[in-house]
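For what it's worth, our numbering labels the leading residue of the sequence shown as 145, then goes sequentially. Ideal Cβ positions, reconstructed from N, Cα and C, are used throughout, including at glycine. Everything on this sheet refers to the single structure shown next.
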Amino acid sequence: MAAADAPSNPSSVHGFGRRAKARLEDARARLGAALDTRANGITFTASATEALHLALHSAVASGVSRLIVSAGEHDATLACARRLAASRGVQLDVWGVDAHGVADLAALERMVSDGGDTTLVALMAANNETGVVQPVRDAALIAHTAGARMLVDGVQAVGKIPFSASDTGADYLALSAHKVGGPPGVGVLIAQGEAPVCAQFVGGGQELGRRAGTENVAGICALAAAVDEAVSDLSRMEQLAGWRDALEARIVGARGDVQVIAQHGPRLPNTLSLALPGFKGETQVMAMDLAGFAVSAGSACSSGKVRASHVLTAMGVAEDVADSAIRVSLGWSSVENDVTAFGDAWLQAANRARPLATA
Ligand code: PLP
């Protein structure tokens, strides 16, 4: 019977509950094995955002008084760190990236040498806007040498590049199901070593008292299966990288005014961030939507105002370039024809919006 056919509360002592509990613990063991980490360090949450918050709050509750957060982190991390700084007096230091979007390890080394044992360092394994892969293992080494703890946001990296929890060296690792082919609404916090997890939600004693609330058993089983499959076979990613590179070469070849963000940086195999100054990101999103493609703009709209992406700004990308950046991601279900059709549609829209001067 599939997990979704038995929607029971795994904390209930009756037979249905015990079977749900068995499925939940099987999923925990499967996920632990897939990511090479101990199962009892795994706490299931409702999103990676929640997992990141749980990690940051746990660190502060257990004595961390300084957060060093990379400038390119997801807003889930940055906003929570800012709130902890405002409400709990935690010192927040934002740590820069280079022009390729890669976190500056020499800067981290300098920053962390001061008061390391009460510090938590946060770095994502791969960036969600640019696809830039970050040196999390080296950062964890630097953090640990100084006595600091390390939080890794692994959301974008799992299933796209070789990935194991133990390899990251993270004390805390956050993941999300829907970025690995699982359902939305399921996340994970993995605590490794001695990293404490201090419950933010209290009530029932679920998840070893680390996160109260009835677990989403079906979603968790789907997450564990999706991660297990995704990490054990990366051959599909090699194919996507080939198609991404061909798409990039075609677009850049057709239009010399296109910029590829982080073109020479270490990137995920499936991600392409393109910019065409003068052709706004949001306009591109709409044009591509009409053509049947879902892409995201680099800029974000908040309170009716479009603001440049903090990720691109941190890389020193000029405002007109950042305004016109979009992110194109190839997925597990993409086929080569989709990629060709996207290239046709994007070039047609770009040529309409920004006609190339004819000689
Ligand atoms: N971190 C990164 C790098 C992400 O890309 C995302 C979502 O896109 C998150 C965190 C937040 O994940 P969730 O939507 O599960 O809260």
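Check whether V302 and L319 have beta carbons under 7 Å apart: Remark: C-beta atoms of V302 and L319 approach each other more closely than 7 Å.
Residue span of the alpha helix (DSSP H) that contains F160, given as start and end: Its alpha helix (DSSP H) spans residues 159-178.
Option in A393, A230, L333 with minimal Cα separation from L491: The shortest Cα separation from L491 among A393, A230, L333 belongs to A393.
E506, buried or exposed, once every other Cβ within 10 Å from all chains shown has been counted against 16: No answer is possible for residue 506: the residues shown for the chain start at 145 and end at 503.
Cross-strand partners of G331 (DSSP beta bridge): DSSP lists T189, S320 as partners of G331.
Integer Cβ distance of A132 from Q300, believed to fall under 8 Å: Absent from the model: residue 132. The displayed extent of the chain is 145 to 503, so no value can be given.
Selected residue, minimal CA-CA separation from R471, among R496, A290, T274, T187: Of the candidates R496, A290, T274, T187, T274 places its Cα closest to the Cα of R471.
Proximity test, M294 beta-carbon vs the ligand GDP heavy atom, cut-off 6 Å: Within the structure as shown, the ligand GDP is missing, the only ligands being the ligand PLP.
Contact under 7 Å by Cβ, V324 with T312: Result no, Cβ atoms of V324 and T312 do not sit closer than 7 Å.
DSSP-derived helix/strand/coil call for V361: The answer is helix: DSSP assigns V361 an H, G or I state.
Cβ-based burial, P306 [other Cβ within 10 Å; buried from 16]: It counts as exposed.
Contacting residues, own chain, Cβ-Cβ under 6 Å from L412 (five flanking each side not counted): Hits under 6 Å: A270, G275, K304.
In DSSP terms, what S417 is bridged to: When beta bridges are read from the DSSP output, S417 appears opposite R471.
Distance cut-off 6 Å: R326 Cβ against heavy atoms of the ligand PLP: Reading the sequence as shown, one finds Gly at residue 326 and not Arg. Because no heavy atom of the ligand PLP lies under 6 Å away, the Cβ of G326 does not count as near it: no.
Contact set, the ligand PLP heavy atom to C-beta under 6 Å: Close to the ligand PLP, as judged by a C-beta nearer than 6 Å to any of its heavy atoms, are the residues S191, A192, T193, H218, A220, M268, N272, D297, V299, Q300, S320, G331, in chain order.
Three or more C-beta pairs below 8 Å linking the segment 401-411 and the segment 458-475: Using a Cβ-Cβ distance cut-off of 8 Å, the segment 401-411 and the segment 458-475 are in contact, since at least three pairs of beta carbons, one from each stretch, lie closer than that value.
Start-to-end residues for the beta strand (DSSP E) that takes in W476: Annotation for W476: no beta strand (DSSP E) segment contains it, and DSSP assigns it neither H nor E.
Opposing strand residues paired with S440 [DSSP bridges]: Secondary-structure assignment with DSSP links S440 through a beta bridge to R471.
Option nearest G425 by Cα separation, candidates T415, S453, G409, H408: Closest option to G425, Cα to Cα, is S453.
Opposing strand residues paired with W239 [DSSP bridges]: DSSP output for W239 lists S214 as bridge partner(s).
Of the listed residues A190, S257, R172, S473, nearest to A183 (C-alpha basis): Nearest Cα to A183 within the set A190, S257, R172, S473: R172.
Residues that DSSP places opposite A266 in a beta bridge: Per DSSP, V213, L295.
Spatial neighbours of A435 in its chain, beta-carbon cut-off 6 Å, leaving aside the 5 residues before and after: Around A435, the same chain offers A489 as residues with beta carbons nearer than 6 Å, after the five sequence neighbours per side are excluded.
Short Cβ contact (7 Å threshold) for G329 with A190: Going by C-beta atoms, G329 is nearer than 7 Å to A190.
Neighbourhood of M381 by C-beta distance below 7 Å, restricted to the same chain and skipping five residues each side: Here the set comprises K304, P413, N414.
Beta-carbon gap between V213 and A266 smaller than 7 Å: Yes, the Cβ-Cβ distance between V213 and A266 is below 7 Å.
Helix, strand or coil at A247 according to DSSP, with G and I counted as helix: Strand, per DSSP.
According to DSSP, residues forming a beta bridge with I305: The bridge partners DSSP lists for I305 are V302.
Helix, strand or coil at R182 [DSSP, three-state]: Reduced to three states, the DSSP call for R182 is coil.
DSSP three-state assignment for Q492, whether helix, strand or coil: Q492: helix per DSSP, three-state reduction.
Extent of the continuous alpha helix (DSSP H) run through I405: DSSP places I405 outside any alpha helix (DSSP H), giving it a letter other than H or E.
Range of the contiguous alpha helix (DSSP H) that encloses M432: That run of the alpha helix (DSSP H) goes 425-434.
DSSP state of V276 mapped onto helix, strand, coil: In the three-state reduction of the DSSP assignment, V276 falls in the strand class.
Integer Cβ distance of V256 from D248, believed to fall under 8 Å: Between the beta-carbon of V256 and that of D248 there is about 12 Å, and that puts the pair past the 8 Å contact cut.
Cutoff 6 Å; reference D261; Cβ partners in own chain excluding five residues on either side: Within the same chain, D261 has close Cβ partners G291.
Outcome for L175 when other beta-carbon atoms lying within 10 angstroms are tallied against a minimum of 16: The C-beta of L175 has 16 or more other C-beta atoms within 10 Å across all chains shown, which makes the residue buried.
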